[in-house]
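J.: Here it is: the structure, laid out below.
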Amino acid sequence: MKKVRNVIVAIIVLLIIIIIGKILYNKMQPENMRVKMKAVIVKVNENSMLVTTDTKNTNGLMNIGFADDGNIGYKQGQEILIYYNGMIDSMFPGLIGKPGKIKIKKEKSNIEIAESILRYAYSSINNVSIEISELTNKGITLKITDTNELKFVFANSYKIEKEIKNPNYTGGSGYKIGEDTTNSTAAYVRTRIRIYI
Numbered sequence: 029m030k031k032v033r034n035v036i037v038a039i040i041v042l043l044i045i046i047i048i049g050k051i052l053y054n055k056m057q058p059e060n061m062r063v064k065m066k067a068v069i070v071k072v073n074e075n076s077m078l079v080t081t082d083t084k085n086t087n088g089l090m091n092i093g094f095a096d097d098g099n100i101g102y103k104q105g106q107e108i109l110i111y112y113n114g115m116i117d118s119m120f121p122g123l124i125g126k127p128g129k130i131k132i133k134k135e136k137s138n139i140e141i142a143e144s145i146l147r148y149a150y151s152s153i154n155n156v157s158i159e160i161s162e163l164t165n166k167g168i169t170l171k172i173t174d175t176n177e178l179k180f181v182f183a184n185s186y187k188i189e190k191e192i193k194n195p196n197y198t199g200g201s202g203y204k205i206g207e208d209t210t211n212s213t214a215a216y217v218r219t220r221i222r223i224y225i
């Protein structure tokens, strides 16, 4: 019985020593090295990289600034371990501005990055142009050119609004749009074409 009690006391003392050691170790670490997170690199930019912790959808996307050693050969698909202070800016994608260290764990992660994530990273609305070929009171013909490698996702709906006289316009707020021109005055609702992309 005495031996069992001594073993239990020894285990409790050992656990206390481990806990105290862990607390002291964390306190001695620089602030930007206290938390670590595993991620997969999606895209490497000039001063940062886009990584994901959730390879199924864009929920886990984050921009990560480089650590002091800069870009040490990061590339898409690498599995990395990011040491940082635990703070992630809550914008989208999340942001870890200056991690303490980034360590490459695997040159090629076993985790495949979803197409929706790659499309977010590599497709841009700036590479899509829309030209109106024909506009009538019954419809519109558009020419859409997308030069993205992964095509940009957009809807194909549109709305045409007819210009009409507004007999209730008093010069107050709500109806005047921009400056008066030969085609649009404060007394009219202007013609608009809305293309939802």
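To get our numbering, take the position in the sequence shown, counting from 1, and add 28. Where is the CB? At the ideal position from N, CA and C, for every residue including glycine. Predicted model only: the values in this text are computed from it and were never measured.
For I139 and N73, I'd like the C-alpha separation in whole angstroms.
T.: Going by the C-alpha atoms only, they are around 21 Å apart.
J.: Scan the stretch 128-189 and note each continuous beta strand (DSSP E) run of 3 residues or more that stays entirely inside, going in chain order.
T.: 129-134, 156-163, 168-174 and 186-189
J.: Is I158 near I130, with beta carbons less than 8 Å apart?
T.: Going by C-beta atoms, I158 is not nearer than 8 Å to I130.
J.: Is V68 buried or exposed, if buried means 16 or more other CB atoms sit within 10 Å of its CB?
T.: buried
J.: Rounded to whole angstroms, what is the Cα-Cα separation between E135 and I153?
T.: The straight-line gap from Cα to Cα measures roughly 31 Å.
J.: So, does the CB of I139 fall closer than 8 Å to a CB anywhere in chain D?
T.: In the structure shown, chain D does not exist; there is a single protein chain.
J.: Need the endpoints of the beta strand (DSSP E) that S76 sits in, please.
T.: S76 to T80
J.: Measure the alpha-carbon distance for I47 versus M90 and round it to whole angstroms.
T.: Whole-angstrom Cα-Cα distance: 32 Å.
J.: Helix, strand or coil for I44 per DSSP?
T.: Three-state result, I44: helix.
J.: Compare the beta carbon distance of G101 and P127 with 8 Å and say whether it is the shorter of the two.
T.: no
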